[in-house]
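Below is one structure, written out as structure tokens, with a few remarks after it.
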């Protein structure tokens with residue numbers, strides 16, 4: 001069977017089991033789009049802006065564990081995709097981005113819609129390729145999927161000059177079943193000696209904590225994480241990216257840690273003597289001030305990426321390997337061992353943690369006459385029974401979602417953690433809904449974020465991907481305003497917009513349903529109404545408290561024990577808690 | 579501390595820019611960088627001199643290893659090794675200075691590889707400090723041009739960096 005370059009690419013996608021490609025056509029990829037037109041195996045989703053294509057594909061990957069696939073044209077198509085590529089890179093999401101390029105003969109001549117895509121994306125991809133011969137396409141595609149999905153996953157760009165997809169040039173098609181790259185051998189098993197050492201530390205710990213991140217979800221190790229946590233009886237905290245890796249409603253879960261983490265999670269980290277860090281990367285939003293980070297703790301760190309270990313925080317027991325087999329080995333060792341962590345020490349530690357918990361650091365004014373954003377999330381949780389896929393944009397609403405929607409399952413919480421990309425939420429929701437058409441999908445957003453990819457309301461209609469948009473509309477860029485309130489004496493420099501569209505009408509003009517909610521009493525009913533409309537995208541525009549803040553907060557440069565709380569504990573309580 | 583990192587990397591377009599880009603993006607410094615294909619034309623050998631404390635050097639080697647095109651690397655400074663640098667110096671000469679420059683060249687065991695009525699080109703190899711010493715021994719006014727390759731190196735003994 002002889003195929004053209006364009007047909008080869010589409011055929012490779014089919015052979016990789018790709019369901020959807022998210023893309024936008026243009027001059028350099030016309031041959032490829034013609035090949036897409038002539039088949040039904042891979043469905044193309046036409047977005048309204050290339051950034052959205054990358055976010056939708058990225059979220060598809062986050063929700064399913066399968067790589068997301070993007071197709072964009074050269075030049076502006078390619079540069080528009082860069083934000084989404086960087087978003088996926090920061091959160092280690094497997095994605096393959098095919099970008100069109102000008103014909104090989106004119107590369108480097110500043111041709112129409114030419115941009116050095118390999119150069120531009122180099123710092124924000126796991127790897128990238130410029131393919132110069134039709135004969136190299138199939139093998140390069142195989143490499144792209146292999147690199148994107150193995151080891152620490154990440155986005156891979158394949159730049160395809162127009163001439164190598166010429167329908168007039170056909171060659172035999174062969175897709176390699178496996179690929180070997182001599183320069184790329186990601187670690188699998190951890191070092192046995194190190195694992196043994198780690199287990200020894202865990203069994204002797206008196207004030208231990210498990211700190212688990214997105215790597216546990218990416219590495220499909222949530223069951224092992226649950227097992228080891230229950231086996232040891234230790235408290236566990238999650239990073240923003242790790243939420244859902246351990247059931248948030250479990251009593252061993254002490255909440256998210258870091259800048260907007262819970263009082264109990266941050267203090268438990270600060271006071272701990274042994275930390276088991278699993279698939280987490282000691283991000284600055286997690287650690288706070290490095291010099292005062294967990295001063296009493298011995299740290300065990302499991303990560304598939306050796307460069308993540310001792311990058312910002314020096315660790316005592318590094319274990320390079322996939323989290324799943326490493327955790328399994330640890331479980332086996334613990335089960336074989338006669339030793340168990342000291343029950344007395346653990347029960348004293350838990351009563352300390354329960355004391356911290358008792359201050360109820362997430363409390364807010366539940367009797368408010370204005371809609372509190374936290375209340376909306378709580379009601380969303382009630383209505384969806386905690387079982388929806390939640391995507392979010394970036395800002396206060398993202399933190400409220402992380403704090404007030406406890407995730408019991410992995411891959412349900414879809415947000416841009418590392419790069420913090422506004423505009424992520426809506427296209428992400430579409431990507432998730434396409435992957436799981438029968439599931440409830442909600443996008444928690446704000447009036448500023450949603451406007452960064454609002455055009456995707458059209459995509460949701462065209463591809464019948466009905467999602468629910470929970471817009472927490474406070475008429476401010478809430479997080480920017482919060483920092484300006486705390487650090488700039490309330491000088492709200494450009495953190496509000498004088499003109500905000502009527503989102504109800506906007507939703508209607510895109511063929512959807514829009515509802516504005518202005519009173520707390522209407523919140524639950526509106527959410528119920530929205531989810532009852534199974535086949536409609538519903539835009540819920542909640543008029544929320546303008547100046548609500550996210551608490552607790554560790555301000556930039558401060559340590560875990562230096563949290564700003566909504567209500568500071570009295571001196572007496574502080575003494576009792578200590 | 580000064581480190582000399584020797585890298586085997588796929589001899590592909592853009593491989594060099596991945597290494598250079600990594601250093602600028604992460605704020606590491608490069609003192610010098612040399613690169614050329616090895617006896618296996620599909621591989622290049624890169625020698626990179628950098629400075630940093632142990633923590634920084636550990637990160638540099640990890641981040642380099644993470645690049646998909648990097649096959650293997652070693653930090654030569656971790657063991658006994660030999661370093662050599664090639665230098666070409668074009669020196670302005672006068673009737674009075676020619677003999678002195680020739681004599682200095684002999685002391686440093688250089689080679690004069692180009693001669694005109696008013697200039698010499700000296701070729702010299704050796705550890706970088708020897709080349710520095712030669713430069714310092716010349717009259718600064720007489721130096722027309724200095725071209726240095728940057729150090730390259732190899733470990734002592736039987737073991738080597740190969741596939």
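Protein chains in written order, with the numbering used here: chain A, 1 to 578; chain B, 579 to 741. Glycine included, every Cβ here is placed at the ideal spot set by N, Cα and C.
Measuring only between beta-carbons, confirm whether residue 647 of chain B sits less than 8 Å from chain A. On the second chain, residue 647 of chain B is found 69 positions in, with the first residue counted as 1. Closer than 8 Å to some Cβ of chain A, the Cβ of residue 647 of chain B qualifies, so yes.
Which residues of chain A have a Cβ atom closer than 7 Å to the Cβ of residue 592 of chain B, listed in chain order? Counting from 1 along the second chain, the entry for residue 592 of chain B is found at position 14. Within 7 Å Cβ-Cβ: 118.
Name the two residues that bound the continuous alpha helix (DSSP H) containing residue 12 of chain A. Here the question's residue 12 of chain A lines up with position 12 in the first chain. First-last of the alpha helix (DSSP H) with residue 12 of chain A: 5-15.
To the nearest angstrom, how far is it from the Cα of residue 493 of chain A to the Cα of residue 484 of chain A? Sequence index remark: in the first chain, residue 493 of chain A carries index 493 (1-based). Sequence index remark: in the first chain, residue 484 of chain A carries index 484 (1-based). Rounded to whole angstroms, residue 493 of chain A to residue 484 of chain A spans 8 Å at the Cα level.
Beta-carbon proximity of residue 274 of chain A to residue 201 of chain A, cut-off 8 Å: If you number the first chain from 1, residue 274 of chain A lands on position 274. If you number the first chain from 1, residue 201 of chain A lands on position 201. The answer is yes: Cβ separation under 8 Å.
List the whole-angstrom C-beta distance separating residue 391 of chain A from residue 461 of chain A, where the pair is believed to meet the contact cut-off of C-beta under 8 Å. Within the first chain, the letter at position 391 stands for residue 391 of chain A. Within the first chain, the letter at position 461 stands for residue 461 of chain A. That belief does not hold up - the Cβ atoms of residue 391 of chain A and residue 461 of chain A are roughly 18 Å apart, past 8 Å.
Along the segment 136-151 of chain A, what residues have a CB closer than 7 Å to any CB found in chain B? Correct list: 147.
When you compare the CB of residue 588 of chain B with every CB in chain A, is at least one pair closer than 8 Å? Position 10 of the second chain, counting from 1, holds the residue named residue 588 of chain B. Closer than 8 Å: yes.
Contacts of residue 198 of chain A in chain B (Cβ-Cβ under 9 Å): Here residue 198 of chain A refers to the residue found at position 198 of the first chain. Result: empty, since nearest Cβ-Cβ is about 20 Å, beyond 9 Å.
Which residues, taken in chain order from the segment 383-396 of chain A, show a beta carbon closer than 8 Å to some beta carbon of chain B? Correct list: empty, as no residue qualifies.
Count the other C-beta atoms from every protein chain shown that fall within 10 angstroms of the C-beta of residue 521 of chain A, then say buried if there are 16 or more, exposed otherwise. Counted from its first residue, the first chain places residue 521 of chain A at position 521. Exposed, because fewer than 16 other Cβ atoms sit within 10 Å of the Cβ of residue 521 of chain A.
Check the Cβ-Cβ distances between residue 556 of chain A and every residue of chain B, and say whether any is below 8 Å. Sequence index remark: in the first chain, residue 556 of chain A carries index 556 (1-based). Residue 556 of chain A does not count as touching chain B.
Where the alpha helix (DSSP H) through residue 402 of chain A begins and ends: Position 402 of the first chain, counting from 1, holds the residue named residue 402 of chain A. 396-404 is the extent of the alpha helix (DSSP H) around residue 402 of chain A.
So with CB distances below 9 Å, who are the chain A contacts of residue 734 of chain B? Taking the first residue of the second chain as position 1, residue 734 of chain B is located at position 156. In chain order: nothing, as chain A lies at least about 26 Å away.
Restricting to runs no shorter than 3 residues, where is the beta strand (DSSP E) found entirely within the segment 468-530 of chain A? Correct list: 468-473, 513-517.
Taking the straight line between their C-alpha atoms, what separation do you get for residue 554 of chain A and residue 204 of chain A? Along the first chain, one-based indexing puts residue 554 of chain A at 554. Along the first chain, one-based indexing puts residue 204 of chain A at 204. Cα to Cα, the separation comes out at about 30 Å.
Using a Cβ cut-off of 9 Å, which residues of the segment 283-308 of chain A contact any Cβ in chain B, in chain order? 305, 306, 307, 308
For a contact defined as C-beta to C-beta under 8 Å, what are the partners of residue 596 of chain B on chain A? Working through the second chain from its first residue, we reach residue 596 of chain B at position 18. The answer, in chain order, is 122.
Cβ-based neighbour list, residue 49 of chain A, same chain, cut-off 8 Å, excluding 5 preceding and 5 following: Mapped onto the first chain, residue 49 of chain A falls at position 49. Result list for residue 49 of chain A: 24, 80, 453, 455, 456, in chain order.
With DSSP as the reference, label residue 299 of chain A as helix, strand or coil. Reading the first chain from its first residue, position 299 is the one you call residue 299 of chain A. Residue state, collapsed to three classes: strand.
Drop a sphere of 10 angstroms on the beta-carbon of residue 580 of chain A, count the other beta-carbons inside from all chains shown, and report buried for 16 or more, exposed for fewer. Residue numbering for chain A in the displayed model covers 1 to 578; residue 580 of chain A lies beyond these limits and cannot be assessed.
Interfacial residues, the segment 621-638 of chain B to chain A, with Cβ spacing under 9 Å: 633, 636, 637
The beta strand (DSSP E) with residue 679 of chain B in it runs from where to where? In the second chain, the residue the question calls residue 679 of chain B occupies position 101. Run containing residue 679 of chain B: none in the beta strand (DSSP E); it sits in the alpha helix (DSSP H), 676-685.
Determine the burial state of residue 272 of chain A: buried for a count of at least 16 other Cβ atoms within 10 Å of its Cβ, exposed for fewer. Your numbering for residue 272 of chain A matches position 272 in the first chain. By the 10 Å Cβ count, residue 272 of chain A comes out buried.
Assigned exposure category for residue 192 of chain A - 16 Cβ within 10 Å defines buried: Taking the first residue of the first chain as 1, we reach residue 192 of chain A at position 192. Answer is exposed; the Cβ neighbour count stays below 16.
Buried or exposed, going by whether 16 or more other CB atoms sit within 10 Å of the CB of residue 623 of chain B? Here the question's residue 623 of chain B lines up with position 45 in the second chain. Buried is the call here.
For residue 579 of chain A, which residues from the same chain have a beta carbon less than 6 Å from its beta carbon, with the 5 sequence-adjacent residues on both sides left out? The structure shown does not extend to residue 579 of chain A, since chain A is modelled only from 1 through 578, so no value can be given for it.
Note down, in chain order, each residue of its chain lying with its Cβ closer than 6 Å to the Cβ of residue 589 of chain B, except the 5 sequence neighbours on either side. For the purposes of this step, residue 589 of chain B is identified with residue 11 of the second chain, where counting begins at 1. 615, 620, 621, 622.
Given 8 Å as the limit, is there contact between the segment 241-254 of chain A and the segment 312-325 of chain A, that is, 3 or more CB pairs closer than that? no
Examine chain B for any beta-carbon lying closer than 8 Å to the beta-carbon of residue 372 of chain A, and answer yes or no. Position 372 of the first chain, counted from the start, is the residue given in the question as residue 372 of chain A. Cβ-Cβ to chain B under 8 Å: no for residue 372 of chain A.
My output table needs one value for residue 124 of chain A: the three-state DSSP class, helix, strand or coil. What you label residue 124 of chain A is simply residue 124 of the first chain in a count that begins at 1. If DSSP states are grouped into helix, strand and coil, residue 124 of chain A belongs with the helices.
Please report how far the alpha carbon of residue 505 of chain A lies from the alpha carbon of residue 514 of chain A, in whole angstroms. For the purposes of this step, residue 505 of chain A is taken as residue 505 along the first chain, with counting starting at 1. For the purposes of this step, residue 514 of chain A is taken as residue 514 along the first chain, with counting starting at 1. Between residue 505 of chain A and residue 514 of chain A, the C-alpha separation is close to 7 Å.
Looking at the structure shown, is residue 18 of chain A part of a helix, part of a strand, or coil, going by DSSP? Within the first chain, the letter at position 18 stands for residue 18 of chain A. Here residue 18 of chain A sits in coil by DSSP.
If we define contact as Cβ-Cβ less than 8 Å, is residue 548 of chain B a contact residue for chain A? Only positions 579 to 741 of chain B appear in the structure, and residue 548 of chain B is not among them; the question remains open.
Find out if the Cβ-Cβ distance for the pair residue 154 of chain A, residue 60 of chain A is shorter than 8 Å. Sequence index remark: in the first chain, residue 154 of chain A carries index 154 (1-based). Sequence index remark: in the first chain, residue 60 of chain A carries index 60 (1-based). No, Cβ-Cβ distance for residue 154 of chain A and residue 60 of chain A is not below 8 Å.
Below 8 Å on the Cβ atoms is my guess for residue 627 of chain B versus residue 587 of chain B; work out the distance and round it to an integer in Å. For the purposes of this step, residue 627 of chain B is identified with residue 49 of the second chain, where counting begins at 1. For the purposes of this step, residue 587 of chain B is identified with residue 9 of the second chain, where counting begins at 1. Contact flag wrong, Cβ pair sits at about 16 Å.
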